[in-house]
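From first to last, the protein sequence lines are chains A and B.
For the first sequence, position 31 (counting from the first letter as 1) is numbered 31 according to the working numbering, and the numbering increases by one without interruption.
For the second sequence, position 42 (counting from the first letter as 1) is numbered 122 according to the working numbering, and the numbering increases by one without interruption.
First up is the structure itself, then whatever we jot down about it.
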Amino acid sequence: MEVLLFGIAKDIVGKTLYSLDDGMDWPNSVLELKQHMVEQFPEFGKLSSLAIAVNSEYAADDVSLKQGDEIAIIPPVSGG
Amino acid sequence: MQEERYNRQLILKDFGPEAQQKLTDARVLVVGAGGLGVPVLTYLNAMGVGTLGIVDNDVVALSNLHRQVLYKESDVGILKVKAAIRTLYSQNKTTHFQGYETFLTKENAVEIIADYDVVIDATDNFPTRYLINDACVLLNKPFVYGALHGFEGQVSVFNYQDGPTYRCLYPTMPKADEVPNCNEHGVLGIVPGIVGNFQALEAVKILTGVGQVLSGKLLLFDGLGVVFQKIKFSRNPENVVRTALETNYDFDCEIPIQSISPTDFMVLNEKKKLQIIDVRTLAEYEKGHLADSLHIPLQELSARSTEINKEIPAYFLCQSGLRSQKAIASLQALMPTSQLIDVSGGMNQLQLLR
Chain A
1 MEVLLFGIAK
11 DIVGKTLYSL
21 DDGMDWPNSV
31 LELKQHMVEQ
41 FPEFGKLSSL
51 AIAVNSEYAA
61 DDVSLKQGDE
71 IAIIPPVSGG
Chain B
81 MQEERYNRQL
91 ILKDFGPEAQ
101 QKLTDARVLV
111 VGAGGLGVPV
121 LTYLNAMGVG
131 TLGIVDNDVV
141 ALSNLHRQVL
151 YKESDVGILK
161 VKAAIRTLYS
171 QNKTTHFQGY
181 ETFLTKENAV
191 EIIADYDVVI
201 DATDNFPTRY
211 LINDACVLLN
221 KPFVYGALHG
231 FEGQVSVFNY
241 QDGPTYRCLY
251 PTMPKADEVP
261 NCNEHGVLGI
271 VPGIVGNFQA
281 LEAVKILTGV
291 GQVLSGKLLL
301 FDGLGVVFQK
311 IKFSRNPENV
321 VRTALETNYD
331 FDCEIPIQSI
341 SPTDFMVLNE
351 KKKLQIIDVR
361 TLAEYEKGHL
371 ADSLHIPLQE
381 LSARSTEINK
391 EIPAYFLCQS
401 GLRSQKAIAS
411 LQALMPTSQL
421 IDVSGGMNQL
431 QLLR
């Protein structure tokens with residue numbers, strides 16, 4: 001499972017694409033993905049508004065994830 | 081209309097004199113005359129938008145010039161509104177300019193925005209972005225959003241013809257230390273130019289009715305990989321019910337709201353009977369609710385606050401956790417000594433636990 005990262009999420013992880021290794025427990029829902037990211041990178045814990053897109057569509061916490069989904073983490077950005 | 085000046089747009093198939101006249105009649109407010117505002121203003125002015133309002137209270141700094149290409153070295157130290165209007169006027173004397181030498185605030189936002197057809201969010205901070213969103217929802221005006229982070233940009237059109245709002249994408253404002261801005265993070269000069277030009281294009285489409293407006297879609301642009309992506313999202317009706325601005329848009333003086341996680345709440349509620357206030361609509365409540373919860377819709381809350389027992393903690397519950405926070409914020413002044421607790425994430429989260 002691969003997750004595309006934008007904005008501050010990219011800065012926290014240090015790359016644009018985050019891959020979940022085969023050995024890991026894959027998150028089954030958007031909420032579980034958020035929890036997974038916080039566990040792996042505690043700095044995610046302080047982001048209060050985090051948009052997740054699944055297959056190019058905004059996904060609420062209860063949306064389930066399956067193998068092959070295109071997932072993106074899109075935090076708010078403020079620069080102008 | 082000046083036929084020679086706008087000739088290339090007048091002969092353009094799918095644009096022509098009708099669309100050009102709509103630009104002439106249009107009033108656009110640009111909030112922020114910085115990295116995003118400069119390209120927006122430059123093109124809307126050149127293309128023939130009749131009235132341009134500009135809100136900014138900053139002066140031009142030397143560190144602005146690498147991206148805010150409207151300004152000259154001799155403008156450093158001068159108010160951006162003044163410097164911008166001077167240069168824009170020399171480019172197109174037929175435009176009517178209205179400068180506002182102030183920042184957009186809770187006190188002036190509604191009055192200023194009310195005079196315009198379309199608002200461009202060209203700001204560089206979250207408090208003003210949320211203020212623009214809420215004022216535009218209140219006044220039923222569309223606004224074109226643009227924001228950036230390093231080499232990346234975001235563009236969308238919010239509150240356009242029953243489309244979604246900024247809060248449908250990011251419901252709550254990030255706290256001060258969550259996301260850095262350009263001053264802290266840095267920005268490559270051309271990136272706001274690209275994002276701002278997309279904003280100007282969307283404004284023209286809204287004003288003329290030409291093409292498809294980027295409503296309900298967030299455009300993500302990554303300049304390093306030259307990747308464009310569009311994310312679809314929809315309107316959350318909760319976010320368009322608004323009768324006033326928030327009481328506060330400042331980062332640092334947010335009223336702290338006590339909250340409890342859905343898991344802890346469930347455990348506690350099984351141990352003893354809690355005072356639960358469900359602030360959702362009647363229709364939502366009738367679809368399913370917790371046993372022994374008291375139903376007071378958010379709109380009726382201040383009138384019916386006496387029904388809440390002030391002596392014991394009150395747990396506020398809604399669908400997603402947003403209205404419960406609003407409920408507490410609205411009651412804090414009325415019930416200063418009571419313990420008002422927000423059930424985080426509302427029924428959506430509680431249902432996940434079952």
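Just so you know, even glycine gets a beta-carbon here, dropped at the ideal spot from N, CA and C.
| Query | Result |
| --- | --- |
| With 16 other Cβ atoms within 10 Å as the buried cut-off, status of B/Asp372 | exposed |
| Three-state secondary structure assigned by DSSP to B/Tyr365 | helix |
| Test item: CB-CB of B/Leu397 and B/Ile356 under 8 Å | yes |
| Per-residue DSSP class, three states only, for A/Lys15 | coil |
| Proximity to B/Phe313 [Cα-Cα], best of B/Tyr329, B/Ser295 and B/Leu325 | B/Ser295 |
| Nonlocal neighbours in the same chain, by C-beta distance under 7 Å from A/Ser49, ignoring five residues either side | Pro76 |
| Residue-chain proximity (A/Gly80, chain B), Cβ-Cβ < 8 Å | yes |
| B/Glu334 versus B/Leu420 - alpha carbon distance | Below a pLDDT of 50, predicted positions are generally treated as unreliable, and B/Glu334, at 47, falls in that range; the measurement from the model is reported next regardless. One C-alpha to the other measures close to 16 Å. |
| Cβ of A/Tyr58 within 8 Å of any chain B Cβ | yes |
| Segments assigned beta strand (DSSP E), at least 3 residues, entirely inside the stretch 181–218 of chain B | 198–201 |
| Complete runs of the beta strand (DSSP E) confined to the stretch 237–309 of chain B [at least 3 residues] | 297–302 |
| Among B/Gly305, B/Gln309 and B/Gly291, nearest to B/Leu299 - alpha-carbon criterion | B/Gln309 |
| Inter-residue Cα distance where the pair is B/Thr417 and B/Ser154 | 58 Å |
| Residues of the stretch 100–124 of chain B whose Cβ lies closer than 9 Å to any Cβ of chain A, in chain order | Gly112, Gly114, Gly115, Leu116 and Gly117 |
| Exposure of B/Leu147, with buried meaning 16 or more beta-carbon neighbours within 10 Å | Just to set this straight, residue 147 of chain B is Arg in the shown sequence, not Leu. By the neighbour-count rule (16 or more Cβ atoms within 10 Å), B/Arg147 is buried. |
| Reference B/Cys216; option with closest CA among B/Ala164, B/Gly128, B/Thr175 and B/Lys186 | B/Lys186 |
| Cutoff 8 Å: A/Gly68 Cβ touching any chain B Cβ | no |
| B/Leu103 vs B/Val129 beta-carbon contact at 8 Å | yes |
| Coarse secondary structure for B/Leu325, derived from DSSP in three states | coil |
| Minimum C-alpha distance to A/Ile25 - residue among A/His36, A/Thr16 and A/Lys15 | Reading off the sequence shown, one finds Asp at residue 25 of chain A, where the question assumed Ile. When each option's Cα is compared against that of A/Asp25, the closest is A/His36. |
| Endpoints, beta strand (DSSP E) assigned at B/His146 | Premise fails: B/His146 is in no beta strand (DSSP E) and is neither H nor E. |
| B/Gln89, enclosing beta strand (DSSP E) - first and last residue | B/Gln89 -> not in any beta strand (DSSP E); alpha helix (DSSP H) instead, spanning Asn87 to Leu90. |
| B/Gly114 vs A/Gly80 beta-carbon contact at 8 Å | yes |
| Contacting residues, own chain, Cβ-Cβ under 7 Å from B/Ala164 (five flanking each side not counted) | Ala113, Leu121, Ile134 and Leu150 |
| Residues that B/Pro251 contacts on chain A, provided the C-beta gap is smaller than 7 Å | Ser49 |
| Proximity of B/Asp302 and B/Pro207 at Cβ, strictly below 8 Å | no |
| Minimum Cβ-Cβ distance from A/Gly45 to chain B less than 8 Å | no |
| Interface flag, A/Gly7 vs chain B, CB-CB below 8 Å | yes |
| 7 Å Cβ shell around B/Leu90 - same chain, five flanking residues per side excluded | Glu83, Gly96, Pro97 and Gln100 |
| Contact under 8 Å by Cβ, B/Arg315 with B/Asp242 | yes |
| Start and end residues, alpha helix (DSSP H) containing B/Ile357 | Premise fails: B/Ile357 lies in the beta strand (DSSP E), Gln355 to Asp358, not in any alpha helix (DSSP H). |
| Those runs of the beta strand (DSSP E) which lie wholly inside the stretch 30–56 of chain A and span at least 3 residues | 51–54 |
| Residues sharing a beta bridge with B/Tyr395, DSSP | B/Ile356 and B/Ile421 |
| Cβ shell of B/Glu232 (< 6 Å), same chain only, five flanking positions each side left out | Asp302 |
| Residues sharing a beta bridge with B/Arg107, DSSP | B/Thr131 |
| Short CB-CB distance (under 8 Å) between B/Arg209 and chain A | yes |
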